[in-house]
Amino acid sequence: MSTRHVLLGLLAGGPSHGYDLKRRYDDRFPQARPLAYAQVYTTLQRLVRDGLADVEGTESDGGPERTLYRSTAEGASELIRWAGEITPPAPFVTNEIFAKVVVSILVDDAVDPAAVLREQRAAHMARMRELTAVKTGPGVDLTTVLSADYALAHLDADLRWMNTTAARLSTLTAEVTAA
Amino acid sequence: MSTQAREVPAGAPLLAARGLVKSYGRTEALRGAALDLYAGEILAVSGASGSGKSTLLHCLSGIVRPDAGSVSYGREQLDRLPEERLSELRRTEFGVVFQFGQLIPELPVIDNVALPLLLAGVPRAEAHVRADAWLERFGVRGQRELRPGEMSGGQVQRAALARALVTDPRIVFADEPTGALDSLGGEQVMTALAHTARETHTAVVLITHDAQVAAYADREVRLHDGAVQESPMLPQAVSHDH
Ligand SMILES: Nc1ncnc2c1ncn2[C@@H]1O[C@H](COP(=O)(O)OP(=O)(O)O)[C@@H](O)[C@H]1O
Ligand SMILES: [Mg+2]
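Below is the structure:
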């Protein structure tokens, strides 16, 4: 996910400071990894450097001084350009599960590739049950439901791939050991 | 509420199947399948198509008698019960939902849902009140006068759930209940089923080949060639990292 564009998007609603942006980001994307403060501040500094954001001033509210940032006109048009751009349907080429299956074929009898797939399946299912419990919990909002659905659909895709791979393990073993 | 609440010793399964074998001609649909179902749990049974899921559900619910093996329900053994007792259990303590086709096309939905109660001798007015409550709960009360052919697939399945639950069964058997629905329709049916089962402490055997549907369950068993695949222990999976 492009953190700089999401921060620009959050700034579109009006000036804001780093702490507030982090909090709003984490609320908006509840299933994503929480954003580190350090990343928020470096991203904001780069947006300013590139002319996409400006420092509006400071705010203290009795506490420590906080820098307020705002989006520039250039920032607004960059945001529109990015949002309208098609995301490349990139394959997930770094597939760790596939790598483990191939490695377990290579090490011969030390690890059973079918067991790798079975155990991975159980771990995926356990995570899918957790996500389903989150999205069907009492009073849950649609943002949470949709982000859980996104994760569920991706885990489901992994599972389908694991099922077809498990069914073709003997062919894969022949191919890997012949190479 | 079920008047004959079953005595199940604490910690013992409500339904237990052992060594189930069932063949159709030369096809061995079940080869020693075994499982336990505990009161109030949602158990997913998954597996590839042809792995024996529907045959297992038919044996567990007393629709089909296994060639060998046993199914215990409380103190009774389903594989040995006379047909009259089996059909009584199916009317009163079990509810069944299939992928499609379980509602009677000629009857309006309200009569379809009230039917199991009418068969059990509940007066018509009371049966309709109870059926309406279940239609309401599943969000299809507005369709009560429609025939199944006049409703969407998702509405039909929610009405079928209402019919399965109207007798307050101990166990609901559902065979691919979302199999004919799009993903949003499937979500709505699964959410309705899972919430209701949890609230009423009804056990569910949920047959599905869809992992996103299986994720609504508390637990999953997988069928492979007519037998339950041993479920791996997670700590062993971790040992692969070393
Ligand atoms: N009534 C039947 N007559 C003949 N063969 C059947 C019958 N029911 C199931 N089978 C066979 O038994 C096997 C298991 O079927 P089934 O239990 O329907 O599997 P699943 O529900 O997992 O797809 C399949 O090979 C199927 O063709
Ligand atoms: Mg089936």
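As they're listed, the protein sequences go chains A and B. Sequential numbering of the first sequence, starting at 24, is according to the numbering used here. Sequential numbering of the second sequence, starting at 8, is according to the numbering used here. Every residue, glycine too, gets a C-beta built ideally from N, C-alpha and C.
Contact test: residue i Cβ vs ligand 1 heavy atom, cutoff 6 Å
i                     : result
serine 30 of chain B  : no
alanine 51 of chain B : no
Own chain partners of residue i with C-beta closer than 7 Å, once the 5 adjacent residues on each side are dropped
i                         : result
leucine 102 of chain A    : His28, Leu31, Gly32 and Ala35
valine 120 of chain B     : Ala138, Trp141, Leu142, Ala166, Ala169, Arg170 and Val173
glutamate 79 of chain A   : Pro38, Leu91, Tyr92 and Arg93
isoleucine 111 of chain B : Asn119
leucine 126 of chain B    : Arg98
valine 15 of chain B      : Leu21, Ala46 and Gly81
leucine 129 of chain A    : Val199
glycine 74 of chain A     : Thr95 and Glu97
Close beta carbons around residue i, own chain, < 8 Å, minus the five adjacent residues each side
i                        : result
proline 115 of chain B   : Arg151, Glu152, Leu153 and Arg154
threonine 188 of chain A : Phe121, Val124, Leu140 and Leu195
glycine 41 of chain A    : Tyr60, Val63, Tyr64, Leu67, Arg89, Thr90 and Tyr92
glutamate 95 of chain B  : none
aspartate 74 of chain B  : Val28, Lys29 and Ser30
histidine 177 of chain A : none
serine 193 of chain A    : none
Cut-off 6 Å between Cβ atoms - residues of its own chain near residue i, not counting five sequence neighbours on either side
i                         : result
threonine 26 of chain A   : Thr66
glycine 59 of chain B     : Ala36, Leu37, Leu230 and Gly233
aspartate 49 of chain A   : Pro57
leucine 93 of chain B     : Gly69
isoleucine 178 of chain B : Phe101 and Ala210
Exercise for the section: Decide yes or no for the touch test of the segment 160-177 of chain A against the segment 50-57 of chain A: beta carbon pairs closer than 8 Å, at least 3 of them. Expected result: Three or more Cβ pairs closer than 8 Å define a contact, and the segment 160-177 of chain A meets that threshold against the segment 50-57 of chain A.
Exercise for the section: Any chance you could list the beta strand (DSSP E) runs of at least 3 consecutive residues sitting entirely within the segment 127-185 of chain B, in chain order? Expected result: 178-182, all fully within the segment 127-185 of chain B.
Handout entry: Heavy atoms of ligand 1 versus C-beta positions, residues under 6 Å
Key = Here the residues come out as B:Tyr31, B:Thr34, B:Ala36, B:Gly54, B:Ser56, B:Gly57, B:Ser58, B:Gly59, B:Lys60, B:Ser61 and B:Thr62.
Handout entry: In chain order, each alpha helix (DSSP H) run of at least 4 residues that lies wholly inside the segment 40-107 of chain B
Key = DSSP assignment within the segment 40-107 of chain B yields the following whole alpha helix (DSSP H) runs of 4 residues or more, N-terminal first: 60-67 and 90-99.
Exercise for the section: Please confirm if the segment 25-35 of chain B is in contact with the segment 203-218 of chain B, defined as three or more CB-CB distances below 8 Å between the two stretches. Expected result: Short answer: they don't touch.
Handout entry: Runs of alpha helix (DSSP H) wholly within the segment 75-123 of chain A (minimum 4 residues, chain order)
Key = Within the segment 75-123 of chain A, the alpha helix (DSSP H) runs of at least 4 residues that lie entirely inside it are, in chain order, 96-107.
Handout entry: Any 3 or more C-beta pairs closer than 8 Å across the segment 68-81 of chain B and the segment 227-234 of chain B
Key = No, the segment 68-81 of chain B does not touch the segment 227-234 of chain B.
Exercise for the section: Taking 8 Å as the threshold, find out whether the segment 92-111 of chain B comes into contact with the segment 171-190 of chain B through three or more Cβ pairs. Expected result: Judged by Cβ distances under 8 Å, the segment 92-111 of chain B makes contact with the segment 171-190 of chain B, as three or more pairs qualify.
Handout entry: Stretch pair the segment 80-95 of chain B + the segment 47-64 of chain B: three plus CB contacts closer than 8 Å
Key = With a cut-off of 8 Å, the segment 47-64 of chain B and the segment 80-95 of chain B do not count as touching, because too few Cβ pairs lie within range.
Exercise for the section: Could you tell me whether the segment 214-222 of chain B touches the segment 147-160 of chain A, using the rule of 3 or more Cβ pairs below 8 Å? Expected result: Yes, the segment 214-222 of chain B is in contact with the segment 147-160 of chain A.
Practice task
Just list the alpha helix (DSSP H) runs in the segment 30-54 of chain A, keeping only unbroken ones of 4 residues or longer that don't cross its boundaries, in chain order.
Solution key: Taking 4 residues as the minimum length, the alpha helix (DSSP H) runs contained wholly in the segment 30-54 of chain A are 41-51, in order along the chain.
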